[in-house]
Amino acid sequence: MDALPLTPGELVCLGSSLAFSGLFYYLHRKKAKVVAKIQEAPKLQVSESLPDILSATGSSCLQYVAIEGVVQPTEAALTSPYHNELQGVIERLVLKEHRLIWNSLARSWTDSERVVLEQVHTVPFVLASPAGRSVGQVSVESPLQAVELPLETVYERFQQTSHGFKDLLGHYLSGEKPKGFLETEEMLLVGSSLTGIGELTMQPDGSLRLQPPADGTGYFLHLGDWQALLADMQSVSNFWKWAALLCGFVGTAVILRALFRAYWDYRLRKEQEAQQQEFEKLRCQRSSDLDLSDEPPESACVICLTNLRECVLLPCGHVCCCFRCFQALPSRTCPICRSPIDRVVPLYQA
Ligand SMILES: [Zn+2]
Ligand SMILES: [Zn+2]
Numbered sequence: 001m002d003a004l005p006l007t008p009g010e011l012v013c014l015g016s017s018l019a020f021s022g023l024f025y026y027l028h029r030k031k032a033k034v035v036a037k038i039q040e041a042p043k044l045q046v047s048e049s050l051p052d053i054l055s056a057t058g059s060s061c062l063q064y065v066a067i068e069g070v071v072q073p074t075e076a077a078l079t080s081p082y083h084n085e086l087q088g089v090i091e092r093l094v095l096k097e098h099r100l101i102w103n104s105l106a107r108s109w110t111d112s113e114r115v116v117l118e119q120v121h122t123v124p125f126v127l128a129s130p131a132g133r134s135v136g137q138v139s140v141e142s143p144l145q146a147v148e149l150p151l152e153t154v155y156e157r158f159q160q161t162s163h164g165f166k167d168l169l170g171h172y173l174s175g176e177k178p179k180g181f182l183e184t185e186e187m188l189l190v191g192s193s194l195t196g197i198g199e200l201t202m203q204p205d206g207s208l209r210l211q212p213p214a215d216g217t218g219y220f221l222h223l224g225d226w227q228a229l230l231a232d233m234q235s236v237s238n239f240w241k242w243a244a245l246l247c248g249f250v251g252t253a254v255i256l257r258a259l260f261r262a263y264w265d266y267r268l269r270k271e272q273e274a275q276q277q278e279f280e281k282l283r284c285q286r287s288s289d290l291d292l293s294d295e296p297p298e299s300a301c302v303i304c305l306t307n308l309r310e311c312v313l314l315p316c317g318h319v320c321c322c323f324r325c326f327q328a329l330p331s332r333t334c335p336i337c338r339s340p341i342d343r344v345v346p347l348y349q350a
């Protein structure tokens with residue numbers, strides 16, 4: 001059989017499905033590794049026995065731990081400009097502009113947003129024991145390096161832009177319509193329960209510190225317990241696994257389709273070869289039986305007027321051409337009655 005005959009479209013489909021499958025599998029493996037590391041990591045609560053646990057391991061550093069505690073600032077906390085009673089240790093203010101853009105292909109207006117302003121403020125904070133600050137604390141270093149900031153939305157306001165008639169005309173001409181501005185404030189509030197997953201080290205002064213792992217493993221700060229974080233990570237990992245499987249399935253389907261087509265082409269070619277051999281045999285027999293004169297015989301092919309008619313075209317039943325002319329027909333229709341040819345059989349004369 002020849003090399004796998006793939007059309008350019010199939011080749012593009014196969015290449016992209018294999019590439020995406022590989023990429024999604026890589027993302028799945030990456031997430032699965034993090035999930036395994038979180039599962040293996042010791043799970044600790046902030047308490048006064050934490051330094052003893054650390055010194056029992058014989059080193060001043062635990063490479064990957066999940067530690068749960070309550071957020072407490074070490075200096076003056078940040079106060080929300082919108083709700084004076086809310087205090088936090090991380091604050092993110094975002095101003096987004098929402099506008100409608102005319103999509104000439106879809107013939108409709110589509111939403112689009114643009115971040116106009118983003119500010120992140122933070123103050124040093126610790127994870128304290130729910131029982132009180134006096135029974136141990138772990139300072140959280142570089143919180144902005146966490147995979148995702150553990151923030152909750154405390155303020156949201158959408159300010160609509162008002163338009164005059166002139167503006168409306170301008171919008172239709174330019175294809176852009178401002179909708180308004182969305183102001184949001186997100187905070188990590190003082191007193192929230194937080195799970196930190198990272199490297200736990202003991203400083204020479206005996207204080208504990210949670211920091212991004214030196215080996216580059218994900219540094220997580222998550223509102224809620226570690227099981228919730230693990231479930232989130234597992235669902236993302238599974239999503240990439242199914243996406244990889246789906247792309248792999250598409251690639252396999254393309255290969256199977258090409259193989260199936262190649263098999264049918266091969267069978268057709270074999271059938272044609274067998275047919276040709278049958279006609280060749282018939283021609284040899286006839287040429288030995290007949291003495292062909294220079295004049296075209298009455299039973300000469302209507303196309304080349306040279307060879308003998310040797311094909312019975314089915315289903316119309318016309319006997320009008322030689323096998324070579326039958327093969328050279330531009331379309332599989334009878335040259336006499338134009339009806340489609342399903343099958344051709346050699347003409348045997350007694
Ligand atoms: Zn002919
Ligand atoms: Zn016919």
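Heads up: the sequence shown is residues 1 to 350, going by full-length UniProt numbering.
The beta-carbon is built from N, C-alpha and C at its ideal position, and this holds for glycine as well.
Straight-line Cα distance separating residue 315 from residue 349: If you number the sequence shown from 1, residue 349 lands on position 349. If you number the sequence shown from 1, residue 315 lands on position 315. In a straight line, the C-alpha of residue 349 is about 19 Å away from that of residue 315.
Any non-hydrogen atom of ligand 2 closer than 6 Å to residue 284 Cβ: The residue you call residue 284 lines up with position 284 of the sequence shown. No.
Beta-carbon gap between residue 223 and residue 88 smaller than 7 Å: Counting from 1 along the sequence shown, the entry for residue 223 is found at position 223. Counting from 1 along the sequence shown, the entry for residue 88 is found at position 88. No, the pair does not count as a contact, with Cβ atoms beyond the cut-off.
As assigned by DSSP and simplified to three states, the class of residue 345: By one-based count along the sequence shown, residue 345 stands at place 345. Strand.
Contact between the stretch 47 to 65 and the stretch 197 to 208 (3+ Cβ pairs under 8 Å): yes
Length at least 4, wholly inside the stretch 19 to 105: the alpha helix (DSSP H) runs in chain order: 50 to 56
Rounded straight-line distance, which links the Cα of residue 203 to that of residue 136: Here residue 136 corresponds to residue number 136 of the sequence shown, with the count starting at 1. Here residue 203 corresponds to residue number 203 of the sequence shown, with the count starting at 1. Near 14 Å, if we compare the C-alpha coordinates of residue 203 and residue 136.
Integer-rounded CB distance, given that residue 140 should sit under 8 Å from residue 126: Here residue 126 corresponds to residue number 126 of the sequence shown, with the count starting at 1. Here residue 140 corresponds to residue number 140 of the sequence shown, with the count starting at 1. With a Cβ gap of about 7 Å, residue 126 and residue 140 count as contacting.
Nearest-angstrom Cβ-Cβ length linking residue 98 and residue 111, presumed shorter than 8 Å: Taking the first residue of the sequence shown as position 1, residue 98 is located at position 98. Taking the first residue of the sequence shown as position 1, residue 111 is located at position 111. Contact holds; Cβ gap of about 7 Å.
Pocket of ligand 2 (residues with CB nearer than 5 Å to any heavy atom), chain order: 316, 318, 334, 336 and 337
Rounded separation between residue 1 and residue 263 - CA only: Against the sequence shown, residue 1 aligns to sequence position 1. Against the sequence shown, residue 263 aligns to sequence position 263. Only weak support is given to the placement of residue 1: the predicted model assigns it a pLDDT of 47, under 50, and the question is left unresolved by the model.
Other residues of its chain near residue 42: CB distance less than 7 Å, five sequence neighbours each side excluded: For the purposes of this step, residue 42 is identified with residue 42 of the sequence shown, where counting begins at 1. Correct list, in chain order: 62 and 65.
Distance CB(residue 153)-CB(residue 184) smaller than 7 Å: Counting from 1 along the sequence shown, the entry for residue 153 is found at position 153. Counting from 1 along the sequence shown, the entry for residue 184 is found at position 184. Going by C-beta atoms, residue 153 is nearer than 7 Å to residue 184.
Residue 353 versus residue 280: straight-line alpha-carbon distance, rounded: The shown model of the chain, from 1 to 350, leaves out residue 353, and the question about it has no answer.
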